[in-house]
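What follows is one structure encoded as structure tokens, with my remarks underneath.
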Ligand code: ATP
């Protein structure tokens, strides 16, 4: 089999801090091995529209510390159709690109697997999403930064909560996964943490807040994941507590998109650098349909199909720690 000479890299789905560090790593690894590299703007949509530019080692100067993605990201309806994927294939052929590195989440990997099956085109995935909801890696790029952003925001909310003896509900990102809520909740010392993986029931939350009052706490923080299972959104939860525990003055803070932004943490930059090198080296070895990830601090691979289908479970030991910390 002939060695590949040209690869393309894209960022796809929701943006995450550290994506630029991953792009930089892919581009520089290509330069190191004398491979040509193209950058695809706006994910699969840009690929369909032929929005590709050559990237050299110097094109990625001064981006390692920047949030967002210099290649932009997008969600593409067209790529979900056979015709769209055919156009994407033609764009790659036109530029003599022989392999693709996709930095994104499980949706982006699903697109990559289907594309590979239809066109027999080599694809390697790099997990880039703040939610950390991907099987086969302990950390996705962007998660550590988002976590630290959430913790520092909750620290600030705690200052105002304790000055006014208030109870704050703080909503963090995570529709299907509670990694940010659980870890930020433990890290910021929350009284209660509500996550999609666990439904402890509303009564238990009330009881925990009552207990907290009895034990002499005058202010409290409850961290709620967007997708928690109580059946109430964060504003309804606040109303519910005010109705049932009138002694509490309740406020709500939704952290929202600020969790996606900002300069990536050192951890995310190092992770992105390691995974980018591995992605290009796998393609040089003739590998495809793999995701690179981290397990026990070692770079490992998982088949893209497994990464999509597998469940990245929440750490039960951390749930226990969180329970004990609310004593
Ligand atoms: P995040 O976790 O941040 O949401 P993601 O990669 O999961 O990132 P998605 O919007 O789910 O984000 O997927 C990104 C893109 O991947 C979609 O806009 C679409 O172009 C492509 N894609 C997703 N699922 C499929 C599919 N079943 N077939 C073809 N393409 C797909």
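Numbering (my numbering), first residue to last: 1 to 327.
Yeah, the Cβ is synthetic: ideal placement off N, Cα and C, and Gly gets one too.
Treat the numbers as computed from the prediction; the structure is a model and nothing was measured.
- Ranked by how close their Cα comes to the Cα of residue 8, the residues 250, 16, 22 have 22 in first place.
- The count of Cβ pairs closer than 8 Å, one atom from the segment 146-157 and one from the segment 200-213, stays below three, leaving the stretches out of contact.
- Boundaries for residue 113: no beta strand (DSSP E) harbours it, while the alpha helix (DSSP H) harbouring it runs 106-119, taken from the DSSP string.
- Under the 8 Å Cβ criterion, the segment 178-190 counts as touching the segment 222-236, having at least three qualifying pairs.
- With fewer than 16 neighbouring CB atoms inside 10 Å of its own CB, residue 235 falls in the exposed class.
- Secondary structure note for residue 208: its alpha helix (DSSP H) is the uninterrupted segment 202-214.
- Between residue 184 and residue 174, the alpha-carbon positions lie close to 12 Å from each other.
- Those residues that have a beta carbon less than 6 Å away from any non-hydrogen atom of ligand 1 are, in order along the chain, 12, 13, 14, 44, 75, 76, 79, 80, 104, 105, 106, 107, 108, 110, 111, 114, 129, 131.
- Here residue 130 is not near residue 101, since their CB atoms are 8 Å or more apart.
- Note that the C-beta distance between residue 309 and residue 113 is not below 8 Å.
- By the Cβ test, the segment 61-79 is in contact with the segment 13-33, since at least three Cβ pairs between them sit closer than 8 Å.
- Remark: fewer than three beta-carbon pairs, one from each stretch, lie closer than 8 Å, so the segment 229-244 and the segment 260-277 are not flagged as touching.
- The segment 287-298 and the segment 39-52 do not touch, with fewer than three beta-carbon pairs separated by less than 8 Å.
- Note that the C-beta distance between residue 13 and residue 138 is not below 8 Å.
- The shortest C-alpha to C-alpha distance from residue 54 to any of 28, 316, 242, 192 is the one to 28.
- According to the DSSP assignment, residue 225 belongs to the beta strand (DSSP E) that extends over 220-225.
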